[in-house]
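Positions 1 to 579 (the UniProt record's numbering) are the ones given, in order, by the sequence shown.
Glycine included, every Cβ here is placed at the ideal spot set by N, Cα and C.
Since the structure comes first, as structure tokens, the remarks are kept for the end.
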Amino acid sequence: QGVLESFLGTAVSGAVFCLFAGQPLTILSSTGPVLVFERLLFSFSKDNGFDYLEFRLWIGLWSGFLCLILVATDASFLVKYFTRFTEEGFSCLISFIFIYDAFKKMIKLSHYYPINSQFTVDYVTQFSCVCMPPEAGHLNLSNKSTLSPQECDIVTLSDMLQNSSFDWSSLSKKTCLKYGGSLVGRGCGYVPDITLMSFILFFGTYTCSMALKNFKTSPYFPTTVRKLISDFAIIFSILIFCGVDALVGVDTPKLIVPSEFKPTSPNRGWIVAPFGGNPWWVYLAAAIPALLVTILIFMDQQITAVIVNRKEHKLKKGAGYHLDLFWVAVLIIVCSFMGLPWYVAATVISIAHIDSLKMETQTSAPGELPKFLGVREQRVTGILVFILTGISVFMAPILKFIPMPVLYGVFLYMGVASLNGVQFMDRLKLLLMPAKHQPDLIYLRHVPLRKVHLFTFVQVLCLALLWILKSTVAAIVFPIMILALVAVRKAMDYLFSQHDLSFLDDVIPEKDKKKKEDEKKKKKKDSLDSDNEDSDCPYPDVPTIKIPMDIMEQEPFLSDKKPSDREKSPLFFERHTSC
1 QGVLESFLGT
11 AVSGAVFCLF
21 AGQPLTILSS
31 TGPVLVFERL
41 LFSFSKDNGF
51 DYLEFRLWIG
61 LWSGFLCLIL
71 VATDASFLVK
81 YFTRFTEEGF
91 SCLISFIFIY
101 DAFKKMIKLS
111 HYYPINSQFT
121 VDYVTQFSCV
131 CMPPEAGHLN
141 LSNKSTLSPQ
151 ECDIVTLSDM
161 LQNSSFDWSS
171 LSKKTCLKYG
181 GSLVGRGCGY
191 VPDITLMSFI
201 LFFGTYTCSM
211 ALKNFKTSPY
221 FPTTVRKLIS
231 DFAIIFSILI
241 FCGVDALVGV
251 DTPKLIVPSE
261 FKPTSPNRGW
271 IVAPFGGNPW
281 WVYLAAAIPA
291 LLVTILIFMD
301 QQITAVIVNR
311 KEHKLKKGAG
321 YHLDLFWVAV
331 LIIVCSFMGL
341 PWYVAATVIS
351 IAHIDSLKME
361 TQTSAPGELP
371 KFLGVREQRV
381 TGILVFILTG
391 ISVFMAPILK
401 FIPMPVLYGV
411 FLYMGVASLN
421 GVQFMDRLKL
431 LLMPAKHQPD
441 LIYLRHVPLR
451 KVHLFTFVQV
461 LCLALLWILK
471 STVAAIVFPI
481 MILALVAVRK
491 AMDYLFSQHD
501 LSFLDDVIPE
511 KDKKKKEDEK
521 KKKKKDSLDS
531 DNEDSDCPYP
541 DVPTIKIPMD
551 IMEQEPFLSD
561 KKPSDREKSP
571 LFFERHTSC
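See the structure below:
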């Protein structure tokens, strides 16, 4: 499976899903857990001498069949056990995979293009690299082709040694090594500027994407312009730093896009043969890893669907869990026959899709943030995105100018952006925050801080175990461990009271619950104020005096009398009554 298979599989699977699925806001893609499983499956097939694509085909068929059984038995009702604890653990794991892979790719790039940390300007002449001819008898003549005109004017390889005037230093590094030459010089182990320029593009793309995404809250330019810049933040960032790369002119690694529409491997066609490559018992034994794939697909698909269908997104139509899983099962079978990657709901990309479709009030008071109205629920954006993904195969002359560090910066942005607004991340910040600086969070009003930290510690521990398991040989049971998050959450009923869990792990969005509580307090306060206004004695603990009107008629000017005269007035004290 290569680049072309990924493009084609993404276009076909995504377009079909967005056209027929129950929740088209969900975006299908190759997710981290699925890719981990496929890598382990490839290693297992290679070690045991199995035909990988045929073995994978039967696993896909079994997995698709099991998913269809789950659809027929209404197994999607199990999503009611996917609480915030499970959702956040899974979504944070995917986000951390995005962030980790982005830095991993950049570090790998820096090893391939190492930085010359020993370089000094005064000794620049010492850092050179030249191609030296091989000794007699060591010339590689296995390839009878001639060198390019740009590299030499010699017609045959045998002339290289016979012609003493041939300049081996004019050969490129690749050609020199190809024909048995050797590279000599202190500068041969380093590639100047590429690593540093790549990191500039990497962090620049990430920073620019974050800044442009938050530009809609800035005070500059009209609202329409700010919103346009915010919606297309990633595209603008890619264009800006592609321009920077072209302007500087450093030979950074670029995106590789196939120019021909054919499978990456020349040994196969577009349809994988189901028989002939493996023993007959492998077709039956494939049901065992297929069960693990089914668990992984079910958890990945349904947890992402639950996150997309959260109440805080204010969606109007139903969720469609069964219909979504049905089409995922069908697409897995199709992709298995064509040798394409398996696609399932991608948490990070789906959240980004939701964020791009959010609607807010157009007008608001000065200094007041616009209010969230809901999400534009439609199928157009998803279908167009995947159609353009398929067309991009034929845009190789343009896409080949995109530097890979720019794309890694986009991955970093998507991983970090998907962590915004996650309660788990807010609780992690509380660990480093003094009590007087803690924000007014709803669960801090009702749950002791030590209980909040204990809940966070359990989540961190589960996340760490998942990460360690994913990185070891035991990653084959990774799907079962994701399912174990539900069991861990159930066991937490013995550590926390239901009152505490209702605030730490409730499905109701925190901001909505906080808003309801504030409104409830306000209504209670308004009710007390109203009762006090209607009462004859607004201050019941303070003694009051009622002066009858006949007293006022007889003595209208009490102030004219001396205090001693008023105190001696029997009529006043005899008719005095208190509340």
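Cβ neighbour criterion (16 or more within 10 Å) applied to residue i
| i | result |
| --- | --- |
| T146 | Because the pLDDT at T146 is just 39, under 50, the model does not fix this residue reliably, and the value given afterwards should be weighed accordingly. With fewer than 16 Cβ atoms within 10 Å of its Cβ, T146 is classed as exposed. |
| E260 | exposed |
| Q378 | exposed |
| residue 580 | Since the first and last residues shown for the chain are 1 and 579, residue 580 lies out of range. |
| D493 | exposed |
| Q498 | exposed |
| G374 | exposed |
| A15 | buried |
| L495 | exposed |
| R427 | buried |
| F221 | exposed |
| R56 | buried |
| I69 | exposed |
| Q362 | exposed |
| P24 | buried |
| A11 | buried |
| N214 | exposed |
| K105 | buried |
| S29 | buried |
| L296 | buried |
| D47 | exposed |
| H576 | The predicted position of H576 is uncertain, since its pLDDT is 49 and thus under 50; a value taken from the coordinates is nonetheless stated next. Exposed, since its Cβ has fewer than 16 Cβ neighbours within 10 Å. |
| F326 | buried |
| residue 645 | Because the chain in this structure spans residues 1 to 579, residue 645 falls outside the shown range and cannot be described. |
| F50 | buried |
| G276 | exposed |
| N267 | exposed |
| E312 | exposed |
Range of the contiguous beta strand (DSSP E) that encloses residue i
| i | result |
| --- | --- |
| K317 | From DSSP, K317 is part of no beta strand (DSSP E); its letter is neither H nor E. |
| L495 | Per DSSP, L495 belongs to no beta strand (DSSP E) and is neither H nor E. |
| residue 585 | This structure does not reach residue 585, given that the chain is present from 1 up to 579, and the question cannot be answered. |
Alpha helix (DSSP H) segment containing residue i, residue limits
| i | result |
| --- | --- |
| E360 | Here E360 belongs to no alpha helix (DSSP H); instead the beta strand (DSSP E) covers K358 to E360. |
| V16 | V3 to F20 |
| V71 | Y52 to A72 |
| Y413 | M404 to A417 |
| V293 | A287 to V308 |
| V248 | A233 to V248 |
| W467 | L449 to K470 |
| V385 | V380 to I391 |
| M425 | Q423 to L430 |
| A329 | Y321 to M338 |
| M197 | I194 to K213 |
| I442 | I442 to H446 |
| R39 | G32 to N48 |
| L399 | A396 to L399 |
Residue i and residue j closer than 8 Å at C-beta
| i | j | result |
| --- | --- | --- |
| T252 | S198 | yes |
| L504 | V460 | no |
| F236 | Y408 | no |
| S356 | T304 | no |
| F103 | R489 | no |
| F37 | V293 | yes |
| S63 | L331 | no |
| G89 | C462 | yes |
| G32 | S336 | no |
| residue 600 | S209 | As shown, the chain starts at 1 and ends at 579. That puts residue 600 outside it, with no answer to give. |
| C242 | P403 | yes |
| A285 | F401 | no |
| T26 | V308 | yes |
| L432 | Q438 | no |
| V244 | A396 | no |
| I238 | T207 | no |
| S418 | S95 | yes |
| L212 | A233 | yes |
Whole-Å CB distance - residue i paired with residue j, under 8 Å assumed
| i | j | result |
| --- | --- | --- |
| C131 | C176 | 4 Å |
| L412 | I99 | 6 Å |
| L41 | V272 | That pair is no contact at about 14 Å. |
| G320 | A72 | Actually they do not touch by this definition, with Cβ atoms about 16 Å apart. |
### Message
I'd like the ranges of any alpha helix (DSSP H) spanning at least 4 consecutive residues and lying wholly in the region 80 to 121.
### Response
If only complete runs of 4 or more residues are kept, the region 80 to 121 shows the alpha helix (DSSP H) at 84 to 112, in order along the chain.
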